[in-house]
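The numbers in the sequence shown follow the numbering used here, run straight up by one, and end at 120. The beta-carbon is built from N, C-alpha and C at its ideal position, and this holds for glycine as well.
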Amino acid sequence: MDKDKKKFYNKVCVISYVGVGICFVGFVLGGMASVGSAEPKFAAILIPFFGFGIFGMLAAFAYRNSEFRDRHLRSTGESLGFINSEKQVLIRCRFCDHLNDENAKYCNECGNKL
């Protein structure tokens, strides 16, 4: 996982956990405030936010594991013969040792002719 995705994932997790904590406190306070009345308004308002927090945490957890799952399933499919990935031929530049595509005429790193 690259650095930007990891930062985004961490922010989503923190926001989700804080949101669930706030909703839990709101449920407790709303339940205390509505004792003896027939309309627990405060708790009813917070129910959607509690759901967003829970589903946000589940989505962040699933997002975190999706990269590993995709890579694992692809390698399993290749080993079983279900997925045929093309073997890529690379040409090494004699000046800077950078690997380039087989059809490249010039090095992508230093610009010299291959």
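Check                                                                                                                                                                : Outcome
Spell out the partners DSSP gives Ile97 in its beta bridges.                                                                                                         : Asn106
Look at the alpha carbon of Asp107 and the alpha carbon of Gly62, and state the distance between them as a whole number of angstroms.                                : 41 Å
If you drop the 5 nearest sequence neighbours on each side, which residues of the same chain put their C-beta closer than 6 Å to that of Phe55?                      : Cys29
Tell me which residues share the same chain as Leu96 and place their Cβ nearer than 8 Å to its Cβ, disregarding the 5 neighbours each side in the sequence.          : Leu105, Asn106, Asp107, Glu108
Using only CA atoms, which one of Ile53, Val24, Ile21, Phe101 lies nearest to Gly36?                                                                                 : Ile53
Use the C-beta contact count for Gly59: other C-beta atoms within 10 angstroms, 16 or more gives buried, fewer gives exposed.                                        : buried
Got a sec? Which residues, its chain only, sit under 8 Å from Phe101 by beta carbon, not counting five neighbours each side?                                         : Cys113, Cys116, Asn118
Return the chain-ordered list of same chain residues with a C-beta closer than 7 Å to the C-beta of Ser22, the five sequence neighbours on each side being excluded. : Gly59, Gly62, Met63, Ala66
Which residue's Cα is closest to the Cα of Cys19: Val34, Phe33, Gly32, Ala68?                                                                                        : Ala68
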